[in-house]
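Remarks on the structure that follows.
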Amino acid sequence: MVVGVQNMTKDVRLDRIFSSFKGEKGELIPVLQAVQDEYGYLTRDAMVEIARFTGASESNVFGVASFYAQFRLQPTGRNKIHVCRGTACHVRGAPQILEEVERQLGIKEGESTPDMEYSLETVAGGGCCALAPVVTINDEVHGRLSLKDVASILPLKETA
Ligand code: FES
187 MVVGVQNMTK
197 DVRLDRIFSS
207 FKGEKGELIP
217 VLQAVQDEYG
227 YLTRDAMVEI
237 ARFTGASESN
247 VFGVASFYAQ
257 FRLQPTGRNK
267 IHVCRGTACH
277 VRGAPQILEE
287 VERQLGIKEG
297 ESTPDMEYSL
307 ETVAGGGCCA
317 LAPVVTINDE
327 VHGRLSLKDV
337 ASILPLKETA
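For my numbering, add 186 to where a residue sits in the sequence shown, where the first one is 1.
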């Protein structure tokens with residue numbers, strides 16, 4: 187049997203992650219987090235392997251991964267945009283900021299652009315409420331935003 191290099195690499199990475207755990211059902215969430223940290227999202231194959239490793243059923247693993255907003259089942263774009271929807275940001279216009287970002291990127295929360303350049307998510311508090319409303323793009327924090335600021339913070343490609 188011929189095993190593809192990519193699959194071999196993937197198995198080694200999973201094995202390395204699994205070696206930090208005991209393989210118990212109670213570890214399901216930390217294992218999912220560790221695998222997502224490594225791959226950027228949870229592939230179907232990885233979730234099957236996680237089920238096998240932890241002894242949880244596949245439906246339980248898929249259910250947990252789907253239920254919690256922290257888990258991504260799709261790959262993310264190269265630029266990760268997070269709009270804070272915490273209370274301070276909400277009262278200072280975060281819903282309108284989110285709508286404007288969605289409009290400019292042509293995607294909805296939880297989606298990535300077709301070219302995988304951008305992904306858009308919301309977070310429930312960014313820890314810098316004095317700057318509300320806050321949007322982070324990768325590691326850059328943009329605060330005290332107004333609707334007219336949105337275009338200038340998005341690393342949009344030139345349009346023809
Ligand atoms: S509520 Fe958004 S940074 Fe605190």
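Glycine included, every Cβ here is placed at the ideal spot set by N, Cα and C.
Asked, Found
"For threonine 322 and asparagine 265, the rounded distance between their alpha carbons", "10 Å"
"Distance between beta carbons of arginine 258 and tyrosine 227, contact taken as under 8 Å", "4 Å"
"Three-state secondary structure (DSSP) of lysine 266", "strand"
"Alpha helix (DSSP H) runs wholly inside the segment 281–344, at least 4 long, in chain order", "336–339"
"The segment 326–336 contacting the segment 280–300, beta-carbon criterion three pairs below 8 Å", "yes"
"DSSP-derived helix/strand/coil call for serine 205", "coil"
"Euclidean distance between Cα positions of aspartate 301 and proline 319", "28 Å"
"Distance, leucine 291 Cα to threonine 229 Cα", "25 Å"
"Euclidean distance between Cα positions of phenylalanine 207 and valine 309", "28 Å"
"First and last residue of the uninterrupted alpha helix (DSSP H) at glutamine 222", "214–225"
"Distance between arginine 238 and histidine 268 (C-alpha atoms, nearest Å)", "33 Å"
"Environment of valine 271 [buried if 16+ CB atoms lie within 10 Å]", "Sequence check: residue 271 is arginine here, not valine. Buried, by the Cβ-count rule."
"Extent of the continuous alpha helix (DSSP H) to which arginine 179 belongs", "Nothing can be reported for residue 179: it is not among the residues displayed for the chain, which extend from 187 to 346."
"The ligand FES heavy atom lying under 7 Å from the CB of glutamate 273", "Position check: residue 273 holds threonine in this sequence, whereas glutamate was assumed. It does: the Cβ of threonine 273 is within 7 Å (strictly closer) of some heavy atom of the ligand FES."
"8 Å Cβ cutoff met for leucine 200 and glutamate 244", "no"
"Selected residue, minimal CA-CA separation from glycine 212, among Cys314, Gln222, Val247 and Glu224", "Val247"
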